[in-house]
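Accompanying notes for the structure given below.
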Amino acid sequence: MLAVGWNPPLSASSANSVFFFALALCFDLHAGSEMRSSPATDSVAEVHSDSAEHETRAPAAVENSRLLIAGRIAAVAVLGFSVYFAVRESIAGWYFEKNVPQDIETAAKWDPGNPQFPDALANLMRFYSENPNPAPIVRLCETAVRLSPNDAHYWADLGSAYDWAGRPNDALHAFERARDLFPNSPDINWSLANFYVRVGRLPDSLPLLQKILIAGGIDQTQVFSLATRATNDPDAVVNEVLPTRPPFLENYFTFLVIANNLEQAQTVWTRLLESKQPFDVAHGVLYVNALIQRPDLDAAADAWSQLIARFPATMNPRFAPDNLVTNGDFALPILNGGFDWRVFAVEGATVSIAPANQNGGGALQIEFDGSHNVDYGHVLQFIQVRPKTRYQFSGEIRTRGVTTDSGPRFQLYDIHDMAHVFVSGENRIGTSDWWTEKLDLQTGPETRLIILRVARPASSKFDNQIAGDVWIRHISLVEGH
0 MLAVGWNPPL SASSANSVFF FALALCFDLH AGSEMRSSPA TDSVAEVHSD
50 SAEHETRAPA AVENSRLLIA GRIAAVAVLG FSVYFAVRES IAGWYFEKNV
100 PQDIETAAKW DPGNPQFPDA LANLMRFYSE NPNPAPIVRL CETAVRLSPN
150 DAHYWADLGS AYDWAGRPND ALHAFERARD LFPNSPDINW SLANFYVRVG
200 RLPDSLPLLQ KILIAGGIDQ TQVFSLATRA TNDPDAVVNE VLPTRPPFLE
250 NYFTFLVIAN NLEQAQTVWT RLLESKQPFD VAHGVLYVNA LIQRPDLDAA
300 ADAWSQLIAR FPATMNPRFA PDNLVTNGDF ALPILNGGFD WRVFAVEGAT
350 VSIAPANQNG GGALQIEFDG SHNVDYGHVL QFIQVRPKTR YQFSGEIRTR
400 GVTTDSGPRF QLYDIHDMAH VFVSGENRIG TSDWWTEKLD LQTGPETRLI
450 ILRVARPASS KFDNQIAGDV WIRHISLVEG H
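Position one of the sequence shown corresponds to residue 0 (numbering that gives the first Met the number 0), numbered consecutively onward.
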């Protein structure tokens with residue numbers, strides 16, 4: 000709190016008054032001196048007799064000298080006051096820059112007319128003081144508003160102080176006064192929107208949140224989070240909070256998916272598809288990932304189909320007739336999610352895509368650097384299947400210089416019983432040319448989703464750090480063989 004002991008004799012505002020008074024005095028004295036020696040005065044003097052003129056000129060000269068001396072004294076006084084108050088303001092600024100409560104109090108003593116000092120001290124006390132008493136903070140904010148009644152940010156800080164002190168009516172007045180002074184400020188609208196949500200005036204917060212999104216300056220995730228607290232209706236958020244232009248609808252949808260709020264995400268997903276707004280296919284893939292993880296396979300399959308329909312040029316080339324594996328020839332970049340391939344980083348192994356050949360197919364390469372005994376299973380794909388159905392897997396694999404007794408192989412297993420592997424291909428070590436692996440499997444009565452992966456179980460041998468390269472291509476899973 001500001002100390003109430005010694006204060007300098009004049010504030011900065013008083014300094015301005017003294018300065019302009021002295022300056023006016025200088026001009027007045029100087030003007031008086033000029034009037035007494037002006038040509039008009041000389042012309043009048045010529046009318047008098049020589050004796051009268053002699054009698055009047057001597058006192059006039061003396062008076063002019065006195066006025067000149069007084070003017071110079073006043074000028075020196077103006078300069079002195081200017082230097083004095085400039086020094087005071089400089090000292091106050093020097094203390095203020097330390098950003099320590101005690102030094103800001105000292106700064107306010109040197110320049111008590113500066114509203115920045117009580118406001119800054121109030122904020123420091125509010126966030127860092129161990130004293131829970133809000134009364135001193137309220138007084139400091141009130142001082143700042145009194146010194147600068149048209150500064151919106153001081154009113155907003157006063158609103159926060161009143162809110163903290165449990166004075167909601169005063170807080171509402173202060174916040175709304177700040178909003179009236181600076182209606183497009185993101186920070187002020189953010190403070191008022193949060194206050195509206197806290198006191199239950201939820202509908203009033205939504206238009207403010209839209210203004211914040213338009214102006215920027217507040218992280219969109221925070222805005223979406225507050226909007227979700229204000230209303231559980233995603234349509235209300237879309238209609239009343241989100242600006243109509245991209246990418247706000249897409250960003251809100253992504254926020255809901257990351258927050259695992261999939262019921263509301265589904266509503267916004269439908270709105271996003273209907274809007275015809277452009278969006279990143281990766282955000283649709285993220286949504287499918289969340290539905291698979293939930294698990295809600297029917298919704299995941301529907302969203303995947305909708306994604307294919309929305310992005311035909313990107314998605315359609317990934318599928319071959321009768322082949323349940325997506326992008327089995329690696330002809331297109333991996334989507335890293337959905338029902339496409341997923342690659343997870345792990346120390347000791349690097350994954351890349353070899354260029355497509357003349358037939359349009361490419362290959363996926365895994366390079367083991369020999370530094371780890373990797374328990375590998377980090378290239379995989381989720382595949383939808385039917386229960387109690389026979390399938391045949393086919394894939395080509397090539398190796399070069401693969402060390403240790405445990406090399407890479409294909410594996411397929413039920414996602415809900417990862418301890419049970421349906422089928423596993425041949426362990427490939429050393430160097431070998433392209434080899435076609437064919438595996439038959441039968442799904443169980445409850446199986447609807449399986450995982451296909453390239454696996455390398457950890458070796459139990461002493462010399463177990465795997466090195467070498469493996470390539471895979473022409474991957475397929477077909478029904479009925």
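For every residue, glycine included, the Cβ atom is placed at its ideal position computed from N, Cα and C. Since the structure is predicted, the reported quantities are computational estimates derived from the model, not experimental observations.
- When secondary structure is reduced to three states using DSSP, Ala348 falls in the strand class.
- Taking the C-beta atoms as reference points, Val477 is found nearer than 8 angstroms to Asn322.
- Assignment of Val477 by DSSP, reduced to helix, strand and coil, places it in the strand class.
- Relative to the Cα of Pro242, the nearest Cα in the group Ala214, Ser224, Ala264 and Asn260 belongs to Ala214.
- The beta carbon of Met124 is closer than 6 angstroms to those of Ile136 in its chain, skipping five residues each way along the sequence.
- Taking all protein chains shown into account, Glu249 has 16 or more neighbouring C-beta atoms within 10 Å of its C-beta and is therefore buried.
- Minimum Cα-Cα distance from Trp434 among the listed residues Arg399, Val373, Ile414 and Ala457 corresponds to Arg399.
- For Glu366, the beta-bridge partners assigned by DSSP are Thr349 and Asp468.
- For Leu440, there is no enclosing alpha helix (DSSP H); the enclosing beta strand (DSSP E) covers residues Gly429 to Gln441.
- Taking a contact as a CB-CB distance under 8 angstroms, the pair Thr402 and Gly369 counts as one, their CB atoms being some 7 angstroms apart.
- Restricting attention to Asn238, Pro185 and Asp234, the CA atom closest to the CA of Gln221 is found in Pro185.
- Ala454 sits buried, since 16 or more C-beta atoms from the chains shown fall within 10 Å of its C-beta.
- Cβ-Cβ distances below 8 angstroms link His419 to Tyr412 and Asp413 in the same chain, with the five nearest sequence neighbours on each side left out; the list follows chain order.
- Phe252 carries a helical assignment under DSSP once its states are collapsed to helix, strand and coil.
- Spanning the alpha carbons of Ala143 and Pro202 requires a straight line of approximately 31 angstroms.
- It is roughly 20 angstroms from the alpha-carbon of Phe329 to the alpha-carbon of Ser304.
- Closest by C-alpha distance to Tyr161, out of Cys140, Arg176 and Gln380, is Cys140.
- In the DSSP assignment, Gln410 falls within the beta strand (DSSP E) that extends over Arg408 to Asp413.
- Bounds of the beta strand (DSSP E) holding Val453 are Leu448 to Arg455.
- DSSP, read as helix, strand or coil, puts Thr313 in helix.
- Secondary structure of Glu141 (DSSP, three-state): helix.
- With a beta-carbon spacing of about 7 angstroms, Leu290 and Leu261 fall inside the 8 angstroms limit used to define contacts.
- Distance from the CA of Phe254 to the CA of His415, rounded to the nearest whole angstrom, comes to 28 angstroms.
- The way I'd put it, the segment 329 to 348 doesn't touch the segment 433 to 449; fewer than three beta-carbon pairs between them come closer than 8 angstroms.
- Leu296 carries a helical assignment under DSSP once its states are collapsed to helix, strand and coil.
- In the pairwise beta carbon analysis, the segment 340 to 354 is classified as not touching the segment 309 to 323: fewer than three pairs are separated by under 8 angstroms.
- Cα atoms of Asp374 and Ser224: separation of roughly 39 angstroms, rounded to the nearest angstrom.
- For Glu425, the secondary structure class from DSSP, reduced to helix, strand or coil, is coil.
- Distance from the Cα of Ile428 is smallest, within the candidate group Asp468, Arg317, Glu395 and Pro444, for Asp468.
- Between Pro167 and Val198, the gap from beta carbon to beta carbon is short of 8 angstroms.
- The C-alpha of Asp279 lies about 23 angstroms from the C-alpha of Ile382.
- 8 angstroms or more divides the Cβ of Ser190 from the Cβ of Val196.
- One Cα belongs to Glu425, the other to Glu436, and the distance between them is close to 8 angstroms.
- Taking C-beta atoms under 8 angstroms as the contact rule, Gln441 and Arg389 qualify, at a distance of about 5 angstroms.
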